[in-house]
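Protein chains in written order, with our numbering: chain A, 80 to 447; chain B, 7 to 541.
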């Protein structure tokens with residue numbers, strides 16, 4: 080698939096915002112960057128995962144840091160290429176393709192700019208299938224790959240290579256470096272072979288995001304219900320097999336605090352015409368949605384708050400009293416739902432005292 | 007006494023207010039040159055009230071002039087754009103994401119120069135004063151007289167922008183200089199966009215403000231002129247001439263503030279029914295609730311604070327499409343098209359042949375104007391069904407906007423307020439103030455002066471209470487400097503957002519303060535009878 084129209088990037092940004100489950104930041108600036116790159120280079124190649132050679136070298140990349148900083152301290156544009164070039168030197172060979180470390184939020188568009196500069200394709204897959212707050216929640220860590228060698232670069236041209244034994248230490252060092260670099264940095268991590276990507280990466284997530292964004296945009300233009308279009312398009316991807324509207328209402332309270340560097344909080348939504356109440360707990364991303372004492376969705380399933388008229392995603396940092404919204408839930412890719420994966424990205428990994436239950440089971444009576 | 011003026015696209019409304027009493031009001035057609043329409047409107051109310059020009063203590067003007075100039079892309083200056091952030095941000099130069107034609111029209115020259123701050127206050131790079139001077143010379147040589155200057159994290163530290171502005175002013179003494187920290191909040195691209203739009207409006211703003219001042223002088227009014235801003239507060243005419251973009255959303259804000267003033271209702275829902283739409287907004291503490299969605303102006307993304315308005319496609323001129331011959335009774339449609347300002351020609355009750363929401367309402371006895379006998383007779387079932395559908399649309403709008411359980415107080419204003427039933431679902435009561443048709447001019451007249459500030463604070467480095475107090479004191483001083491009496495100044499809004507992925511306990515702290523102008527508080531003597539109303 081060739082991406083050569085700005086509308087495709089807009090669709091990707093819209094879909095990536097939804098798949099962010101409230102996290103990953105507003106992809107607007109990433110979209111502007113990708114559009115500028117598109118104007119410069121004329122198009123990007125999106126390569127299906129199945130077509131990647133087994134011995135190819137792939138580099139997942141993305142931005143690490145605070146969304147609040149990323150709207151003031153904008154990229155220089157040379158960060159990704161500098162990081163990828165250094166990784167090539169370390170590995171002693173060319174990088175054949177790149178992929179987003181996470182599809183959700185702004186990082187879903189990050190690799191396109193580097194790919195354009197280097198003239199290499201983006202592989203249609205990612206490392207999270209959504210957005211997660213920390214690098215070691217990537218499927219590549221879950222499946223035992225190493226994040227290193229990893230290269231962190233910043234707008235001022237500085238470059239750091241991280242070599243650690245384990246991926247949690249890698250995340251801790253990368254986070255500290257990003258802070259000292261001004262709160263935002265570009266990271267290349269989990270370099271892997273084509274065979275490893277085929278075995279472990281979340282396949283088709285970029286084209287899924289494009290399909291979702293496109294369905295919403297076209298429904299809006301046609302005056303149709305964008306939420307119906309979203310659900311239909313998402314389920315048609317096969318990657319996210321269930322999608323449903325959990326709640327429709329307006330935000331009556333947002334509580335936030337910072338705990339361990341994360342924005343932790345709770346949003347309360349009242350239904351229209353006094354039809355019940357929903358609470359969503361978030362830690363950068365939306366984690367668990369509850370209504371009437373009953374859990375209706377939980378991480379790693381996707382829980383996204385959207386403007387009820389436009390179906391624009393509202394990320395957790397933009398949740399605000401008075402917004403009129405719908406809460407949409409979608410089943411995470413199966414690969415994130417086995418017991419081993421859940422020990423990294425399930426409710427207990429986020430400090431909650433209960434096991435994972437799939438969104439389609441939790442809402443069985445409603446959907447039946 | 008104060009004069010409030012609202013210059014809309016069609017009408018220029020003016021009111022004369024003494025204390026809390028509306029003494030006179032008028033509606034005049036807006037003139038192409040703005041000032042003659044304003045002069046006519048002010049002359050009319052002064053004559054009507056028999057008040058000499060010398061008794062006017064202040065004139066407040068709200069205008070859509072600058073919005074229209076941006077939307078119509080007329081009378082805009084070419085802009086020289088200086089951004090202080092390099093090497094950061096070079097991948098996203100100014101004007102990225104703009105409509106191509108507008109970018110071409112405005113873009114004079116773009117300079118990406120070293121400078122800017124990190125979130126923790128360090129410099130990204132030091133300011134290169136020689137490069138700023140060279141950029142200013144370049145603009146001068148190209149005949150560019152409007153300069154927009156932006157800088158990474160300028161809302162937190164404005165020093166570099168101020169210094170660059172001083173260098174440009176030194177090099178080009180006649181230049182209109184717009185600094186981003188005076189215009190927007192965090193979000194460099196959106197703030198810079200607003201700054202560029204502001205710079206593009208510079209010549210027009212000088213012209214409009216000068217012609218308003220001349221109009222007042224011709225009327226013999228020596229009182230100060232203020233212009234209303236997006237958030238319902240005032241800036242001086244001199245500030246408006248420098249920062250016109252801050253006034254572009256004042257219309258709906260003034261309308262809602264006026265509705266609150268006329269009714270004494272500070273918390274409720276304002277429904278402003280015009281010819282084409284019913285605009286619904288929420289009043290919280292006498293001010294409109296702000297929208298949290300990015301605001302597009304003429305296709306350019308900005309982050310201005312604008313009132314959160316839900317527009318429903320139902321106004322006095324909304325067309326009613328009857329069921330086709332033989333179709334079911336419920337097969338009718340309400341709008342979304344409208345005859346708009348042609349209501350008084352096209353509607354049945356005004357001698358036309360188009361069925362409008364006004365025809366339906368008058369036929370039902372909800373209002374009496376025009377010639378009701380001309381309205382075609384519908385079957386009672388169909389008439390009832392249309393009325394029910396209209397009520398349901400309005401009730402749905404209330405339900406979508408209100409944020410408290412239970413019914414809300416509704417303030418019905420605008421020429422089509424009769425479309426709102428007293429027993430509308432979701433309404434605890436419906437208040438219809440006198441002078442509702444000029445609520446926006448009233449909103450301009452009663453406005454206060456205000457100021458806002460925003461910082462990112464590390465509470466581990468600076469205790470929370472101290473940080474809040476420092477910002478509070480700074481803001482209050484600002485508002486007093488803008489003309490407010492010290493005893494009237496207060497903080498009306500504070501917002502604290504804790505930031506993720508930063509060390510320590512960092513929060514984005516925002517605050518807003520307002521105060522009353524001296525005359526309102528009694529510094530200018532009001533007649534005794536009026537002074538009693540002032541409380």
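Here a beta-carbon is modelled for each residue, glycine too, at the ideal position from N, C-alpha and C. As the structure is a prediction and not an experimental result, all values here were calculated from the model.
For residue i, which of the options has the nearest alpha-carbon?
i: residue 53 of chain A; options: A:205, A:184, A:251 and A:123; result: The first residue shown for chain A is 80 and the last is 447, placing residue 53 of chain A beyond what the model contains.
i: residue 444 of chain B; options: B:20, B:9, B:8 and B:41; result: B:20
i: residue 232 of chain A; options: A:160, A:81 and A:425; result: A:160
i: residue 234 of chain A; options: A:123, A:158, A:224 and A:121; result: A:158
i: residue 223 of chain B; options: B:45, B:431, B:24 and B:501; result: B:45
i: residue 409 of chain A; options: A:390, A:373, A:443 and A:324; result: A:324
i: residue 1 of chain B; options: B:303, B:9, B:269 and B:322; result: Because chain B here runs from 7 to 541, residue 1 of chain B falls outside it and cannot be looked at.
i: residue 361 of chain B; options: B:380, B:51, B:371 and B:438; result: B:380
i: residue 213 of chain B; options: B:183, B:244, B:348 and B:202; result: B:244
i: residue 48 of chain B; options: B:157, B:156 and B:218; result: B:218
i: residue 37 of chain B; options: B:52, B:18 and B:54; result: B:18
i: residue 67 of chain B; options: B:385, B:81, B:182 and B:241; result: B:241
i: residue 262 of chain A; options: B:159, B:208 and B:195; result: B:159
i: residue 200 of chain A; options: A:407, A:301 and A:137; result: A:137
i: residue 434 of chain B; options: B:234, B:192, B:416 and B:422; result: B:416
i: residue 117 of chain B; options: B:518, B:77 and B:156; result: B:156
i: residue 134 of chain A; options: A:438, A:391, A:270 and A:385; result: A:270
i: residue 451 of chain A; options: B:521, B:109, B:327 and B:315; result: This structure cannot settle anything about residue 451 of chain A, because the visible part of chain A is limited to 80 through 447.
i: residue 81 of chain A; options: A:93, A:438, A:257 and A:195; result: A:195
i: residue 266 of chain A; options: A:413, A:272 and A:256; result: A:256
i: residue 305 of chain A; options: A:100, A:286 and A:388; result: A:388
For residue i, report the span of its alpha helix (DSSP H) as first-last.
i: residue 369 of chain A; result: Premise fails: residue 369 of chain A lies in the beta strand (DSSP E), 364-370, not in any alpha helix (DSSP H).
i: residue 97 of chain A; result: 85-98
i: residue 163 of chain A; result: 158-170
i: residue 395 of chain B; result: 386-407
i: residue 409 of chain A; result: Looking at the DSSP string, residue 409 of chain A is not in any alpha helix (DSSP H); the run it does join, the beta strand (DSSP E), is 403-409.
i: residue 51 of chain B; result: 41-55
Would you list the residues sitting across from residue i in a DSSP beta bridge?
i: residue 152 of chain B; result: B:85 and B:182
i: residue 17 of chain B; result: B:35
i: residue 454 of chain B; result: B:239
i: residue 279 of chain A; result: Note: residue 279 of chain A sits in no beta bridge, so no partner.
i: residue 127 of chain A; result: A:203
i: residue 62 of chain B; result: In the DSSP output, where bridge partners are listed per residue, residue 62 of chain B has none listed.
Classify residue i: buried if its beta carbon has 16 or more other beta carbons within 10 angstroms, exposed otherwise.
i: residue 236 of chain B; result: buried
i: residue 375 of chain B; result: exposed
i: residue 268 of chain A; result: buried
i: residue 419 of chain A; result: exposed
i: residue 408 of chain B; result: buried
i: residue 128 of chain B; result: exposed
i: residue 529 of chain B; result: Model confidence at residue 529 of chain B stands at a pLDDT of 34, short of 50, so the residue's coordinates are unreliable and nothing is read from them.
i: residue 429 of chain A; result: buried
i: residue 143 of chain B; result: exposed
i: residue 269 of chain B; result: buried
i: residue 136 of chain B; result: exposed
i: residue 516 of chain B; result: buried
i: residue 118 of chain A; result: exposed
i: residue 249 of chain A; result: buried
i: residue 364 of chain A; result: buried
i: residue 353 of chain B; result: buried
i: residue 387 of chain B; result: exposed
First and last residue of the beta strand (DSSP E) that includes residue i?
i: residue 229 of chain A; result: 229-232
i: residue 286 of chain B; result: 284-290
i: residue 345 of chain A; result: 341-350
i: residue 259 of chain A; result: Not the beta strand (DSSP E): residue 259 of chain A falls in the alpha helix (DSSP H), residues 246-259.
i: residue 136 of chain A; result: 136-144
i: residue 395 of chain A; result: Premise fails: residue 395 of chain A is in no beta strand (DSSP E) and is neither H nor E.
Quiz item: Which runs of the beta strand (DSSP E) fall wholly inside the region 169-255 of chain B and span at least 3 residues, in chain order?
Solution: Counting whole runs of 3 or more residues, the region 169-255 of chain B contains the beta strand (DSSP E) stretches 182-185, 231-234 and 239-242.
Self-check item: alpha helix (DSSP H) runs contained entirely in the region 458-515 of chain B, provided each spans 4 or more residues
Solution: 470-487
Self-check item: Unbroken stretches of the alpha helix (DSSP H), 4 residues or longer, contained in the region 82-137 of chain B
Solution: 106-112
Practice problem: Go through the region 291-365 of chain B residue by residue and report every complete run of the beta strand (DSSP E) that reaches 3 residues or more, in order. | Solution: If we require 3 residues or more, the beta strand (DSSP E) runs fully inside the region 291-365 of chain B come out as 301-303, 306-308, 315-318, 324-327 and 339-344.
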